[in-house]
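What follows is a set of notes on a single structure, which appears directly below.
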């Protein structure tokens, strides 16, 4: 009886900590959007150069921590005639890289515990490396052939006017009251929006670190030797199930960042391996585009439908090119594990990586491109 009560108590503790974790992610996203949305919007409108567009997509999405937000802004600008579909596609590709910043930031929550951090940063960066490889393959292909634009335009002609709907994310519903309350309290204390966003960012990081620390601690004692066996048997032996699980869960929660961020503590705790988490991550990559497609049908705007399909085709084509071939799918896994080893020894490299890949490098490349 005491054993059962202990297990029930731990399950309730994990549920409460997961809620705290999701609130911290949502709070961080809200704060970043407050900081960067206006800047991101003005940034997106400044280019017709596909290379600059790619870097702008990375930077803008890293600033607002949401590829959906970047995609929505791009659709609005394309619809208003400020960008062509061809110029918008590289921004969408960049957004795919930028959206991975959230789960990479989450992995930094394990930085004080070396073994956990090695697994966590590997699980996070496998998403980064996969998307970087997709861009390395599809960006030159798109410049040479216009494959994504042509195919997405054809599909939009077929599907425009069929009617659509928007899925409401249950995660957003349950976290919105807490995020709203914290925003109001921060605004009341600080008296200015910018200061409120700084308070929210600081609080989100504190909540994130605390939630991750205790989630891993409780889950290790609760599910070790149970979930580990089930997950290894189901996902490791049938990776395609993991892919579809990631796709389905992301369609429901409407955020690939939430799906991939939830994997980080599982891998950090040793419950999932990087190899098992990888197909779930790829499924999340595809899943995050399907909700945008459904929503775009409802707009009746051909540009909106085309951009949504281009985003979907980019992720689907990248998956088809890379995942079925063992040699290809092992490249992002080996790169992520190698970086995990390095970052666990010299943990400052992880901070340099986040700052460099998501913020400094795209900013410098945008400035250089503008100058020359």
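In my numbering, the protein residues as written are 1 to 372. Where a beta carbon is used, it is the ideal one built from N, C-alpha and C, also for glycine. Predicted, not measured: the structure shown is a model, and the values here were computed from it.
Three-state class that DSSP yields for residue i in the structure shown
{"i": "residue 170", "result": "helix"}
{"i": "residue 238", "result": "coil"}
{"i": "residue 112", "result": "coil"}
{"i": "residue 271", "result": "coil"}
{"i": "residue 88", "result": "helix"}
{"i": "residue 15", "result": "helix"}
{"i": "residue 191", "result": "coil"}
{"i": "residue 326", "result": "helix"}
{"i": "residue 337", "result": "helix"}
{"i": "residue 346", "result": "coil"}
{"i": "residue 244", "result": "helix"}
{"i": "residue 225", "result": "Because residue 225 sits at a pLDDT of 49, beneath the cut-off of 50, its placement in the model cannot be relied upon, and the point is left open."}
{"i": "residue 122", "result": "helix"}
{"i": "residue 72", "result": "helix"}
{"i": "residue 372", "result": "coil"}
{"i": "residue 96", "result": "helix"}
{"i": "residue 2", "result": "helix"}
{"i": "residue 66", "result": "coil"}
Residue i to residue j span [Cα, whole Å]
{"i": "residue 319", "j": "residue 329", "result": "9 Å"}
{"i": "residue 238", "j": "residue 258", "result": "23 Å"}
{"i": "residue 62", "j": "residue 363", "result": "11 Å"}
{"i": "residue 105", "j": "residue 354", "result": "8 Å"}
{"i": "residue 269", "j": "residue 124", "result": "14 Å"}
{"i": "residue 159", "j": "residue 216", "result": "45 Å"}
{"i": "residue 225", "j": "residue 219", "result": "With a pLDDT of only 49 at residue 225, under the threshold of 50, the placement of this residue in the model should not be trusted, and no figure is reported."}
{"i": "residue 191", "j": "residue 42", "result": "26 Å"}
{"i": "residue 245", "j": "residue 252", "result": "11 Å"}
{"i": "residue 308", "j": "residue 9", "result": "43 Å"}
{"i": "residue 18", "j": "residue 6", "result": "18 Å"}
{"i": "residue 12", "j": "residue 327", "result": "42 Å"}
{"i": "residue 248", "j": "residue 254", "result": "10 Å"}
{"i": "residue 286", "j": "residue 310", "result": "12 Å"}
{"i": "residue 212", "j": "residue 21", "result": "7 Å"}
{"i": "residue 141", "j": "residue 30", "result": "35 Å"}
{"i": "residue 175", "j": "residue 267", "result": "24 Å"}
{"i": "residue 34", "j": "residue 28", "result": "10 Å"}
{"i": "residue 128", "j": "residue 16", "result": "29 Å"}
Sub-8 Å separation of residue i and residue j beta-carbons
{"i": "residue 288", "j": "residue 261", "result": "no"}
{"i": "residue 111", "j": "residue 350", "result": "yes"}
{"i": "residue 92", "j": "residue 73", "result": "no"}
{"i": "residue 109", "j": "residue 208", "result": "yes"}
{"i": "residue 150", "j": "residue 344", "result": "no"}
{"i": "residue 317", "j": "residue 284", "result": "no"}
{"i": "residue 135", "j": "residue 369", "result": "no"}
{"i": "residue 358", "j": "residue 148", "result": "no"}
{"i": "residue 377", "j": "residue 333", "result": "Nothing about residue 377 can be reported from this structure: the residues present for the chain run from 1 to 372 only."}
{"i": "residue 347", "j": "residue 32", "result": "no"}
{"i": "residue 240", "j": "residue 279", "result": "yes"}
{"i": "residue 90", "j": "residue 132", "result": "no"}
{"i": "residue 366", "j": "residue 130", "result": "no"}
{"i": "residue 126", "j": "residue 273", "result": "no"}
{"i": "residue 75", "j": "residue 304", "result": "yes"}
{"i": "residue 103", "j": "residue 271", "result": "no"}
Range covered by the alpha helix (DSSP H) that runs through residue i
{"i": "residue 313", "result": "302–322"}
{"i": "residue 81", "result": "No alpha helix (DSSP H) contains residue 81, which DSSP labels as neither H nor E."}
{"i": "residue 260", "result": "256–268"}
{"i": "residue 157", "result": "147–159"}
{"i": "residue 107", "result": "101–107"}
{"i": "residue 358", "result": "Element bounds for residue 358: n/a, residue is neither H nor E."}
{"i": "residue 48", "result": "Where residue 48 is concerned, there is no enclosing alpha helix (DSSP H), given that its DSSP letter is neither H nor E."}
Min CB distance residue i to chain B below 8 Å
{"i": "residue 72", "result": "Reference to chain B is not applicable here, since this structure consists of a single protein chain."}
Checklist entry - Okay, do the stretch 331–348 and the stretch 180–188 touch, 3+ Cβ pairs below 8 Å being the bar? => result no
Next on the checklist: Quick check: the stretch 93–103 against the stretch 58–71, are at least 3 beta-carbon pairs closer than 8 Å?
Outcome noted: yes
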